[in-house]
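Colleague: Attaching a single structure in structure tokens format; questions to follow.
Protein chains: 2
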Amino acid sequence: MTADGGRVVALCGGVGGAKLALGLSRILAPRRLTIAVNTGDDFSHFGLPICPDLDTLMYTLGQVSNPVQGWGREGESWNVFETLGQLGGETWFQLGDRDLAVHLQRRALLDSGLSLSEVTANLCRRFGILHPVVPMSDERVSTVIETGDGDLPFQHYFVREQCRPVVTGYRFEGVDSARPSPGLLAALGDDDLAGILICPSNPFVSVSPILALPGVREGIRAARVPVVAVSPIVGGKAIKGPAAKMFSELGLPVNNQGVADFYGDLLHTLVVDQGDRDETLRARCRVHYCNTVMASLDDRIALARHCVALLGIAVPEDR
Amino acid sequence: MTADGGRVVALCGGVGGAKLALGLSRILAPRRLTIAVNTGDDFSHFGLPICPDLDTLMYTLGQVSNPVQGWGREGESWNVFETLGQLGGETWFQLGDRDLAVHLQRRALLDSGLSLSEVTANLCRRFGILHPVVPMSDERVSTVIETGDGDLPFQHYFVREQCRPVVTGYRFEGVDSARPSPGLLAALGDDDLAGILICPSNPFVSVSPILALPGVREGIRAARVPVVAVSPIVGGKAIKGPAAKMFSELGLPVNNQGVADFYGDLLHTLVVDQGDRDETLRARCRVHYCNTVMASLDDRIALARHCVALLGIAVPEDR
């Protein structure tokens, strides 16, 4: 670890992860943070490569995200999809005009032979993002949600079916033969690696795909650095998304115990919202209580400071 | 031929062809007209299937075309491509937001397993078009322009390079193994077929690809019906596009003689603009003079009436 504190690898899904990543980006220099993003939700739609979590990260860090909607870009227009609807096209997965431009350019850059990592770096540069954002893998891993009604590709479950079907299981197709992206591998193997931060994203479908990639769990253990996770469950609910419903349907307690049990002995510290102090929690790891609800940018920065401190890294107060 | 006059097959490129097709659609019932459209200009861009001539036909007949621009839709917005430009994407082939919706839907419908003919029929229905518009083929035929600077895909020559390179030849890749579309084949084989009309489109790159499809020239000859072509050259120039420049660069006279020579004994009648009456023209076919410059809808209908009369078909005056 260098004098200035070493590097943090943040494992990240969409909205909740992006909020914490934004906080981290305000207190850690670009060389000290690698944001590794779930791509299990990615899918091809109208022939375009849609990467919902990468886009949420990019729009959040690039300060063009739509905070009310929770996805997509602010000041967006919908002319393409309005017309598509008139043509009888599928509009269950709404893509704004400016959002679409990103997918067109991703298609063009991938078709030119660049990897998803290279494409992501290219796009992030255009959004003025200095911190490295890397996909978990350059290869296709597809999260499939197993439900009473049959298997559903993740976005069909999440967006088209609005998470209504009862989840009986999930799997990550292609994960066994996929490699972690060069950026994630390099960060995990970095001599300067100081800690791993698991963002408050859905453990099943946002964090697990990253951990399921061959070599990632092993790389985390081999690095012998602290692993801190922020629980996405607050007051028995998920701030956003189907995490709570999935805990329940998969037979796990819908509380921080469920999160602690899920990550098991991977964690050194679980960060739990201060409102849940009274919850009985038997964890094999340390538990740290603080505010984890990130309503404002200050909340995001404050939570990032807690996490970085728990990783044992000094952060200059004036950053 | 039925009592009401039989069917016309119009072979059609983009703008000029679409204008005459619009005129024809105003005087012939849907069952009496099949518009067979060049697809040699088609290409894949950002993973989307772009069919410039089919789109021009569809937008013209659907009354949503942009008459000033000569391509695309009226009342168009450009939010996607504006953003794409900011992302460093390729913007030499401009696609408006509402135009893009058509390409997205075409991609989705093709991916669902429909043929280009079926997709075109589906889209045309959405634009309220009653007359059958059929692609020349459901298989990929790609016009390549041979130039002093090397081979160029048609749209690269036409749009990106603005027709600047000197043309030394052209070819239609894939044409030898492509089949005419079911709609074109059925129309050519229809017992009710009354005549073939070659629209005032570029002979080399709009009409020739259709004629080059295996079976099309043979089908036209076997039908033993009149073939009428409207010359796209007026006053030694093309109304639009690179036809005149290509005649010159390919060593053909840039006048109606060049057009007559090009189509040779395929034609029964060449329709020439009345302003070119004084041009010396030795054609193996009949020559008919009238106004061929279609500035207004009335011009389009009037030229369509001339053509249909030359095919020997009665048109009720009150249509």
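Protein sequences, first through last, are from chains A and B. The first sequence maps to residues -8 to 310 in the numbering used here. The second sequence maps to residues -8 to 310 in the numbering used here. Idealized CB from N, CA, C, for every residue including glycine. All of these numbers come straight from a predicted model, not from anything done at the bench.
1. Looking at C-alpha atoms only, which residue of B:P217, B:R170, B:S172, B:G165 is the closest neighbour of D183 (chain B)?
2. What residues are listed by DSSP as bridge partners for K228 (chain B)?
3. Can you list, in chain order, the residues of the segment 85 to 97 of chain A whose Cβ is nearer than 8 Å to any Cβ on chain B?
4. How about the segment 7 to 15 of chain B and the segment 34 to 53 of chain B: do they share at least three Cβ pairs that are nearer than 8 Å?
5. Under the DSSP definition of a beta bridge, which residues are partnered with H36 (chain A)?
6. Find the residues of chain A that neighbour G160 (chain B), judging by a C-beta separation of less than 7 Å, and give them in chain order.
7. Check the Cβ-Cβ distances between S68 (chain B) and every residue of chain A, and say whether any is below 9 Å.
8. Once you ignore the five residues that flank G165 (chain B) on each side, which residues in its own chain have a CB closer than 8 Å to its CB?
9. Can you list, in chain order, the residues of its chain whose CB lies under 6 Å from that of R238 (chain B), leaving out five sequence neighbours each side?
10. Mind listing the chain B neighbours of E65 (chain A)? Cutoff is C-beta to C-beta under 7 Å, in chain order.
11. Pull up the distance between the alpha-carbon of A99 (chain A) and that of R275 (chain B), whole angstroms please.
12. Please classify D309 (chain B) as buried or exposed, where buried requires at least 16 other C-beta atoms within 10 Å of its C-beta.
13. For D264 (chain A), does the three-state DSSP call read helix, strand or coil?
14. Report the rounded CA-to-CA distance for P191 (chain B) versus C115 (chain B), giving the unit in angstroms.
15. Please list the partners that A99 (chain A) has in chain B, where partner means a Cβ-to-Cβ separation under 7 Å.
16. Looking at the C-beta of N113 (chain A), does it have a partner C-beta in chain B at a distance below 9 Å?
17. For G226 (chain A) versus D264 (chain A), is the C-beta distance shorter than 9 Å?
18. Candidates B:Y280, B:V28, B:S103: which alpha carbon is nearest G269 (chain B)'s?
19. Indicate whether the contact test is met: 3 or more Cβ pairs, each with one atom in the segment 89 to 104 of chain A and one in the segment 153 to 163 of chain A, closer than 8 Å.
20. Since P40 (chain B) contacts R97 (chain B) with CB under 8 Å, what's their CB separation in whole angstroms?
21. Find the residues of chain A that neighbour V219 (chain B), judging by a C-beta separation of less than 8 Å, and give them in chain order.
22. Taking beta-carbon pairs under 7 Å, can you tell me which members of the segment 24 to 52 of chain B lie near chain A?
23. Report all residues from its chain with a CB closer than 6 Å to the CB of A235 (chain A); omit the five preceding and five following residues, and keep chain order.
24. Whole angstroms is fine: what's the gap from T(-7) (chain A)'s alpha carbon to R23 (chain A)'s?
25. Does DSSP classify H122 (chain A) as helix, strand or coil?
26. Could you confirm whether any beta carbon from chain B is found closer than 9 Å to the beta carbon of R131 (chain A)?
27. Quick check on DSSP: helix, strand or coil for I304 (chain B)?
28. Look at the alpha carbon of V110 (chain A) and the alpha carbon of H122 (chain B), and state the distance between them as a whole number of angstroms.
29. Within a Cβ cutoff of 8 Å, which residues of the same chain sit near R170 (chain B), ignoring the five residues on either side of it in sequence?
30. Using 10 angstroms around the beta-carbon of R291 (chain B), count the other beta-carbons present and answer buried if the total reaches 16, otherwise exposed.
31. Ends of the beta strand (DSSP E) at E209 (chain A)?
32. What runs of the alpha helix (DSSP H), each 4 residues or longer, lie entirely inside the segment 267 to 302 of chain B?
33. Does the segment 19 to 35 of chain A touch the segment 65 to 78 of chain A, meaning 3 or more C-beta pairs lie closer than 8 Å?
34. DSSP has F163 (chain A) in a bridge; who is on the other side?
35. Thinking C-beta only, is F145 (chain A) closer than 9 Å to V135 (chain A)?
36. What would DSSP say about A20 (chain A), mapped onto helix, strand or coil?
Modeller: Reading it off the structure:
1. For the purposes of this step, residue 183 (chain B) is identified with residue 192 of the second sequence, where counting begins at 1. Taking only the C-alpha atoms, the option nearest D183 (chain B) is B:P217.
2. On the second sequence, residue 228 (chain B) is found 237 positions in, with the first residue counted as 1. Beta-bridge pairing links K228 (chain B) to B:V225.
3. Legend: CB atoms of the segment 85 to 97 of chain A lying less than 8 Å from CB atoms of chain B belong to residues D88, R89, L91, A92, V93, L95, Q96.
4. yes
5. As a first step, residue 36 (chain A) must be located in the first sequence, where it is residue number 45. Its beta-bridge partners are A:L39.
6. Looking up residue 160 (chain B) in the second sequence gives position 169. In chain order: nothing, as chain A lies at least about 28 Å away.
7. Position 77 of the second sequence, counted from the first residue, corresponds to residue 68 (chain B). It does: the Cβ of S68 (chain B) has a partner Cβ on chain A nearer than 9 Å.
8. Here residue 165 (chain B) refers to the residue found at position 174 when the second sequence is read from its first residue. Spatial neighbours of G165 (chain B) in its own chain (CB-CB distance under 8 Å, excluding positions within 5 residues in sequence) are listed in chain order as E130, R131, V132, S133.
9. Against the second sequence, residue 238 (chain B) aligns to sequence position 247. The sequence as given places Phe at residue 238 (chain B); Arg does not occur at that position. Within the same chain, F238 (chain B) has close Cβ partners V245, G249.
10. Walking along the first sequence from the start, residue 65 (chain A) turns up at place 74. Within chain B, no residue comes near E65 (chain A); the closest Cβ sits about 13 Å away, beyond 7 Å.
11. Your numbering for residue 99 (chain A) matches position 108 in the first sequence. Your numbering for residue 275 (chain B) matches position 284 in the second sequence. Going from the Cα of A99 (chain A) to the Cα of R275 (chain B) covers about 50 Å.
12. By 1-based counting over the second sequence, the position of residue 309 (chain B) is 318. Low confidence applies to D309 (chain B): its pLDDT is 49, below 50, so where it sits in the model is not reliable, and the reading given next is rough at best. The residue in question, D309 (chain B), is exposed, as its Cβ has fewer than 16 Cβ neighbours within 10 Å.
13. Counted from its first residue, the first sequence places residue 264 (chain A) at position 273. DSSP places D264 (chain A) in strand when its eight states are reduced to three.
14. Stepping through the second sequence from its first residue, residue 191 (chain B) is reached at position 200. Stepping through the second sequence from its first residue, residue 115 (chain B) is reached at position 124. Answer to the nearest angstrom: the Cα atoms are 22 Å apart.
15. Translated into the one-based positions of the first sequence, residue 99 (chain A) becomes position 108. Going along chain B in sequence order, the residues near A99 (chain A) (Cβ under 7 Å) are F37, G80, E81.
16. The residue given as residue 113 (chain A) occupies position 122 in the first sequence. Yes, N113 (chain A) lies at the interface with chain B (some Cβ there is under 9 Å from its Cβ).
17. On the first sequence, residue 226 (chain A) is found 235 positions in, with the first residue counted as 1. On the first sequence, residue 264 (chain A) is found 273 positions in, with the first residue counted as 1. Yes, the Cβ-Cβ distance between G226 (chain A) and D264 (chain A) is below 9 Å.
18. Within the second sequence, residue 269 (chain B) is the residue found at index 278, counting from 1. Residue identity differs from the one stated: residue 269 (chain B) is Asp in this sequence, not Gly. Cα-wise, what sits closest to D269 (chain B) is B:Y280.
19. no
20. Position 49 of the second sequence, counting from 1, holds the residue named residue 40 (chain B). Position 106 of the second sequence, counting from 1, holds the residue named residue 97 (chain B). About 5 Å separates the two Cβ atoms, so the contact holds.
21. Taking the second sequence and counting its residues from 1, the one referred to as residue 219 (chain B) is at position 228. Within chain A, no residue comes near V219 (chain B); the closest Cβ sits about 35 Å away, beyond 8 Å.
22. F37, G38, L39
23. Here residue 235 (chain A) refers to the residue found at position 244 when the first sequence is read from its first residue. If we look at A235 (chain A) and ignore the five residues flanking it on each side, its Cβ neighbours are K228, A229, V245.
24. As a position in the first sequence, residue -7 (chain A) is number 2, starting the count at 1. As a position in the first sequence, residue 23 (chain A) is number 32, starting the count at 1. Any answer about T(-7) (chain A) is weak, because its pLDDT of 49 lies below 50 and its placement is not dependable; what the coordinates show is given next. When rounded, the distance between both Cα atoms is 10 Å.
25. On the first sequence, residue 122 (chain A) is found 131 positions in, with the first residue counted as 1. Coil, per DSSP.
26. In the first sequence, the residue the question calls residue 131 (chain A) occupies position 140. Chain B contact via Cβ: absent.
27. For this step, residue 304 (chain B) is matched to residue 313 along the second sequence. Of the three classes helix, strand and coil, the one that applies to I304 (chain B) here is coil, per DSSP.
28. Mapped onto the first sequence, residue 110 (chain A) falls at position 119. Mapped onto the second sequence, residue 122 (chain B) falls at position 131. Taking the straight line joining both Cα atoms gives about 44 Å.
29. Position 179 of the second sequence holds residue 170 (chain B). Excluding sequence neighbours, R170 (chain B) sits near S128, D129, E130, L176, L204, P205, G206.
30. Counting from 1 along the second sequence, the entry for residue 291 (chain B) is found at position 300. When all chains shown are included, R291 (chain B) counts as buried.
31. For the purposes of this step, residue 209 (chain A) is identified with residue 218 of the first sequence, where counting begins at 1. E209 (chain A) -> not in any beta strand (DSSP E); alpha helix (DSSP H) instead, spanning 207 to 214.
32. Taking only runs of at least 4 residues, the alpha helix (DSSP H) segments lying wholly in the segment 267 to 302 of chain B are 288 to 301.
33. no
34. For the purposes of this step, residue 163 (chain A) is identified with residue 172 of the first sequence, where counting begins at 1. According to DSSP, F163 (chain A) bridges with A:T134.
35. For the purposes of this step, residue 135 (chain A) is taken as residue 144 along the first sequence, with counting starting at 1. For the purposes of this step, residue 145 (chain A) is taken as residue 154 along the first sequence, with counting starting at 1. For V135 (chain A) and F145 (chain A), yes; Cβs fall inside 9 Å.
36. To locate residue 20 (chain A), count along the first sequence from 1; it is residue 29. Coil.
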